[in-house]
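Residue numbers (this note's numbering): 412 to 521.
Heads up, the thing below is written out as structure tokens.
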Amino acid sequence: MPKPYFGKQPLPEYKPSDAVRAAIKAWEESVALEEERRHAARRALADELKANPELPYAAVAAHPIVPWTEATLRIIGQEFDVPPRNPNKAWKRPRKEEQPAAGEKPAESA
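Following this line, the structure appears as structure tokens:
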């Protein structure tokens, strides 16, 4: 059975105690400090990425101390104007003349 509704009831007046006020103020200060320090950490990572354009975002994100993903690091890079990363140079695509045609066996090297 639903609760009967008697219209909007007035709420009692609430006055937080000094302990509650102090706890909330301390919490708000710690949140502000966390935001400031997080921004400083993001700027430091962006500065490292600017200083080393060969360093990929994935390598930074893979480090255990870095709390952000590769996608987040890309966003940080955009925020702080980090130059784009060079493409992966470890993977070399074979030239077209070196690739066998469809159905052919690859040429064996001597």
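Don't be surprised by glycine CBs; every beta carbon is placed ideally from N, CA and C.
The structure presented is a predicted model; accordingly, all values stated were derived computationally and were not measured.
Inset, instruction - Give a yes or no on whether the minimum CB-CB distance between ALA437 and chain D is below 8 Å. - result: The question asks about chain D, but that chain is absent: this structure has only one protein chain.
Inset, instruction - Please look up how many angstroms separate the CB atoms of ILE487 and LEU456, rounded, as I've assumed it's under 8 Å. - result: 6 Å
Inset, instruction - Using only alpha-carbon positions, find the residue among PHE417, ALA452, LEU484, SER428 that is nearest to ALA472. - result: LEU484
Inset, instruction - Report yes if the C-beta of PRO478 is less than 7 Å from at least one heavy atom of the ligand ATP; otherwise report no. - result: The model on display carries no ligand, and the ligand ATP is accordingly not part of it.
Inset, instruction - Let me know the alpha helix (DSSP H) ranges lying completely inside the region 431-472, each 4 residues or longer, listed in chain order. - result: none
Inset, instruction - Using beta-carbon positions only, say whether TYR468 and GLU481 come within less than 8 Å of one another. - result: yes
Legend entry - Simplified DSSP state of GLY488, which is helix, strand or coil: helix
Inset, instruction - Within its chain, find whatever has a CB closer than 6 Å to the CB of LYS461; leave out the 5 residues flanking it on each side and keep chain order. - result: VAL493
Inset, instruction - Out of ARG448, LYS414, PRO464, GLU440, point me to the one whose CA is closest to ASN497's CA. - result: PRO464
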